[in-house]
Every structure is written in structure tokens, then in C-alpha cells.
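Each residue of the sequence shown is one higher than the one before, starting from 422 at the first, in this note's numbering.
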Amino acid sequence: MCREIISPLLERFSRIIQVMNIYLIGYRCTGKTTVGTLLSQRLSWPLLDSDVELVKEQQRPISEIVEKEGWGVFRSMEKAIIKKLSRLNHHVIATGGGAVLDPENVGYLRTTGKVVWLRALPETIALRMAGDKKTGDNRPALTDKGIFDEIEETLNFRNPIYEGAMDFPIDTDGMTIEEICDLIQKKIKV
């Protein structure tokens with residue numbers, strides 16, 4: 422009888438220890454923050470967003486950092502934030518869309534948690550971006566192209582990088598936030 426009680430508890434405890442953090446990666450507007458919010462509530466783990474943490478630390482929007490100092494300086498700041506966040510334990514962490522462009526960032530993520538790639542079709546991303554009030558301040562243009570062309574071009578470049586960084590992908594098109602979280606919890610077993 423004791424074994425029947427203790428065995429499931431030990432199994433759950435060992436799963437919790439194995440999963441240090443859950444990292445959500447992916448392009449802009451694929452659901453990282455929204456999914457992260459519900460997932461953190463379900464797990465009773467804090468949610469942190471690397472872009473939000475960077476803005477708090479720098480006390481200015483990402484668009485201003487990029488405009489005044491360039492993408493290179495922003496990526497360097499982002500790297501410091503990712504390194505700091507990777508030292509935490511039992512957090513859900515939504516990363517900036519380009520965080521995985523730096524191999525060291527990928528190393529921090531892969532060695533300190535499970536990495537979930539949230540992906541969506543370019544059409545879905547464009548619709549979500551059009552309806553997102555934060556797009557201007559938090560999502561400066563990555564190219565000089567129109568929004569749809571920029572999305573397609575950037576995804577063509579980044580998708581192999583996301584694929585190399587992830588533990589598993591989830592296509593968010595047509596799924597509810599609850600379904601996405603159910604799938605993450607099932608795959609990670611938390």
C-alpha cells in the first residue's frame with residue numbers, strides 16, 4: 422500500500438526535477454506570451470518574457486534600442502537576459518523571436534529546460550500582428566519589406582534554426598490556448 426502511494430509521488434517529483442524550465446520559442450505572434458500565461462497558471466510556475474525583462478532593465482522600448490543602437494546591441498542585451506533567465510528553475514519563459522539566432526542562447530535553453538517551438542503560418546502571424554497593439558514598440562521591422570514578405574523571408578531563414586533549438590514543435594494555427602497547453606503538458610509530462 423505504501424508503495425502504491427509513494428511510487429506515483431516519486432515519479433511526479435522526478436519529472437519536476439528533470440524539467441528545470443519550459444522555454445517557448447518561435448516567431449513574433451505565434452502565441453509565446455499567451456500560451457506562457459496559461460501554462461504558468463496551470464503549473465504554478467512564474468512566467469517571464471525575455472523581451473519584457475529586457476525592457477524593464479533598459480527602461481525603454483525595444484524599438485528605441487534598435488533605432489538608436491542597432492540590432493547588434495539589442496541582441497547583446499538579449500543574450501545577457503537569456504543567460505540570467507536560464508539560471509532560474511521551474512519557470513515558463515517566453516523568449517524573443519530572434520533569441521535563438523545566437524548559438525550560446527540555444528545552449529542556455531537546451532541545457533536548462535525543455536524548448537517548445539510555437540509556430541504558425543505566415544498568414545496567421547500577419548493577422549495576429551495586425552491586431553496586436555504592441556507591435557510598434559516591441560516588434561520593430563526586421564527588414565525594409567512589407568509585413569507579409571518580411572514574415573515569409575524571416576521564417577525561411579529562421580525555421581531551420583528554430584528546428585535545431587527545439588525539443589518539439591507545436592503548430593498553433595487553429596488550436597486554442599488550452600489545447601496548446603494540454604499538448605505541451607502531455608509531451609513534457611508536467
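Glycine included, each C-beta is placed from N, C-alpha and C at the ideal position.
Going by beta carbons, residue 447 and residue 539 fall inside the 8 Å limit.
Secondary structure note for residue 504: its alpha helix (DSSP H) is the uninterrupted segment 492-506. The shortest CA-to-CA distance from residue 533 to any of 588, 460, 485, 552 is the one to 588.
Spanning the alpha carbons of residue 498 and residue 583 requires a straight line of approximately 20 Å.
DSSP places residue 510 outside any beta strand (DSSP E), giving it a letter other than H or E. With contacts defined by Cβ atoms closer than 8 Å, residue 545 and residue 445 do not form a contacting pair. The DSSP-derived three-state label of residue 590 is strand. In this structure, the straight-line span from the alpha carbon of residue 521 to that of residue 474 is close to 17 Å. Going by beta carbons, residue 593 and residue 541 fall inside the 8 Å limit.
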